[in-house]
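Notes follow the structure.
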Amino acid sequence: MMNATETENFFKKSINDFNCLDDSFHENSILQSDCFNNILEELTIQDYLLAVSAGIVGGIISSLRMFDENNRFNLQETLNKVHMDASSNSPKHFLGKLFHHKSDWMDIPGDGFVKRDYKSGVFAGLHRLYFGHDILSLQSDNPIYLMTKQYGIRRGVCKLTRHLIGDSFSRNGLPLPASSWLDINIDGSPVNIIDLASKNALKGTDINNVSEAYQQLFTIKMQDIISQGATWAIVALYIKLSGIKRKVNQSQIKLIAYATSFFFAASSGFIRFGIPYINWPTLSMIVKEYIALSRNSYKETEELEKITDNLVRENVDIELKVFEFGSHFPSYNNGNDYIKEFDSGYNNFKAMTLLFGED
0 MMNATETENF
10 FKKSINDFNC
20 LDDSFHENSI
30 LQSDCFNNIL
40 EELTIQDYLL
50 AVSAGIVGGI
60 ISSLRMFDEN
70 NRFNLQETLN
80 KVHMDASSNS
90 PKHFLGKLFH
100 HKSDWMDIPG
110 DGFVKRDYKS
120 GVFAGLHRLY
130 FGHDILSLQS
140 DNPIYLMTKQ
150 YGIRRGVCKL
160 TRHLIGDSFS
170 RNGLPLPASS
180 WLDINIDGSP
190 VNIIDLASKN
200 ALKGTDINNV
210 SEAYQQLFTI
220 KMQDIISQGA
230 TWAIVALYIK
240 LSGIKRKVNQ
250 SQIKLIAYAT
260 SFFFAASSGF
270 IRFGIPYINW
280 PTLSMIVKEY
290 IALSRNSYKE
300 TEELEKITDN
310 LVRENVDIEL
320 KVFEFGSHFP
330 SYNNGNDYIK
340 EFDSGYNNFK
350 AMTLLFGED
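Quick note: the sequence shown uses numbering that gives the first Met the number 0, first residue 0, plus one each step.
Here is the structure:
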């Protein structure tokens with residue numbers, strides 16, 4: 000049986016252990032709350048609507064082409080005029096002068112891998128596909144090689160950049176990087192697979208010109224770059240103003256916006272001409288954001304696993320403290336001993352009350 004002093008010490012230790020146990024429960028609760036808040040932070044309806052709206056804006060910009068019939072605004076033709084000015088002997092406007100590229104060797108076919116036939120209207124529309132505009136070309140028509148040979152390394156790189164940007168304003172745009180790797184020989188004549196794919200795409204459509212099919216399917220144009228830039232700017236501004244910090248959510252919003260823009264433009268072209276508008280800059284951003292989303296999701300999963308491990312360790316510590324707290328209580332073999340201990344504790348408590356009640 001415990002005397003009055005032992006009983007007092009027992010209660011003091013029990014209260015102290017209980018406070019420590021309560022602190023552990025509180026810390027564990029905060030940790031679990033942070034963990035679940037991170038998991039439950041999802042996109043809102045407003046986020047989805049903004050992403051889709053930004054994508055539609057980009058899709059509309061990418062689709063503003065071939066509208067000449069009723070003299071309506073035609074972004075494609077407006078940009079094409081910049082290229083025409085830049086290709087002239089004496090540019091008249093600022094952008095034409097900035098991107099002037101008349102007589103650059105990368106526009107003059109020589110003994111490159113493919114010799115084009117300018118007499119056929121097809122090669123005239125696909126001339127960049129067949130010579131001098133693929134920066135990844137492994138042949139003598141590589142534009143970096145041609146321009147540095149013509150102007151020297153420093154000036155050649157500068158002129159090359161201006162030339163490529165100027166060509167992106169044109170209706171034909173720029174060929175896809177590494178497109179020259181798809182050159183093949185058919186019956187002894189060099190042909191590019193992209194050229195053949197453009198011809199096959201014409202079947203059953205309202206387009207009769209191979210170069211127009213090529214323009215819509217396999218080129219990079221300033222119009223599409225502007226389209227992608229508009230979507231990016233709207234989404235970036237929204238993320239900043241909304242204070243969205245979670246990288247997974249940011250990637251999700253961007254991915255939705257870019258996918259909406261891409262499929263809106265593709266559908267628009269398919270409905271009007273039977274051939275989709277393929278916006279390659281936006282498609283590249285879709286791939287980029289998908290990779291970013293996968294990477295961020297993986298990092299977040301790793302972080303959640305670390306938090307879960309900490310929760311397990313915290314729970315083990317709390318269990319040990321619970322067992323330690325309970326070990327201070329005396330244990331007996333039968334009920335009569337527990338009753339006696341209760342009576343003894345009551346008498347001790349009564350004695351302490353009388354003691355403190357005395358003057």
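Ideal Cβ placement from N, Cα and C applies to all residues, glycine included.
Nearest C-alpha to residue 226 among 62, 216, 46 and 241: 62.
The alpha carbon of residue 194 has as its nearest neighbour, out of 205, 212 and 177, the alpha carbon of 212. Taking 8 Å as the cut-off, the Cβ atoms of residue 191 and residue 144 do not count as close. Three or more Cβ pairs drawn from the segment 131–138 and the segment 90–108 lie within less than 8 Å of each other, which places the two stretches in contact.
If the five residues before and after residue 275 are omitted, its C-beta is found closer than 6 Å to the C-beta atoms of 265, 268 and 269, all from its own chain and listed in chain order.
Under the three-state reduction of DSSP, residue 182 is assigned to strand. For residue 79, the uninterrupted alpha helix (DSSP H) segment begins and ends at 74–85.
Under the three-state reduction of DSSP, residue 43 is assigned to coil, being neither helix nor strand. Per DSSP, the unbroken beta strand (DSSP E) holding residue 189 starts and ends at 188–191. A distance below 8 Å separates the beta carbons of residue 230 and residue 54. Judged by DSSP secondary structure, residue 177 falls outside any alpha helix (DSSP H); it is assigned neither H nor E. For residue 160, DSSP records no beta bridge to any residue. Check the Cα spacing between residue 177 and each of 166, 188, 127 and 153: the tightest is with 127.
With a beta-carbon spacing of about 4 Å, residue 172 and residue 220 fall inside the 8 Å limit used to define contacts.
In this structure, 160 is the residue among 160, 297 and 77 with its C-alpha nearest to the C-alpha of residue 100. Annotation: residue 88 is outside any alpha helix (DSSP H) and is labelled neither H nor E by DSSP. The three-state secondary structure of residue 204, taken from DSSP, is coil. For residue 200, same chain residues with a beta-carbon under 7 Å away, outside a window of 5 residues either side, are 212, 216 and 274 in chain order. Residue 232 is classed as exposed because its beta carbon has fewer than 16 other beta carbons within 10 Å across all chains shown. With distances taken between CA atoms, residue 58 lies nearest to 281 out of 305, 289, 238 and 281. Only exposed fits residue 283, as fewer than 16 other CB atoms lie within 10 angstroms of its CB. For residue 274, the three-state secondary structure derived from DSSP is coil.
Annotated three-state conformation of residue 252 is helix, per DSSP. Here residue 83 is exposed: its Cβ has fewer than 16 other Cβ atoms, across all protein chains shown, within 10 Å. Apart from sequence neighbours up to five positions away, the residues of its chain that approach residue 181 with a beta-carbon distance below 8 Å are 191, 192 and 193, ordered along the chain. Straight across, the Cα-Cα distance linking residue 259 with residue 51 is about 6 Å.
Between residue 294 and residue 40, the C-beta gap is not smaller than 8 Å, which leaves the two residues out of contact. When secondary structure is reduced to three states using DSSP, residue 219 falls in the strand class. Rounded to the nearest angstrom, the gap between the Cα atoms of residue 49 and residue 289 is 19 Å. Taking C-alpha positions only, residue 222 is separated from residue 286 by approximately 20 Å.
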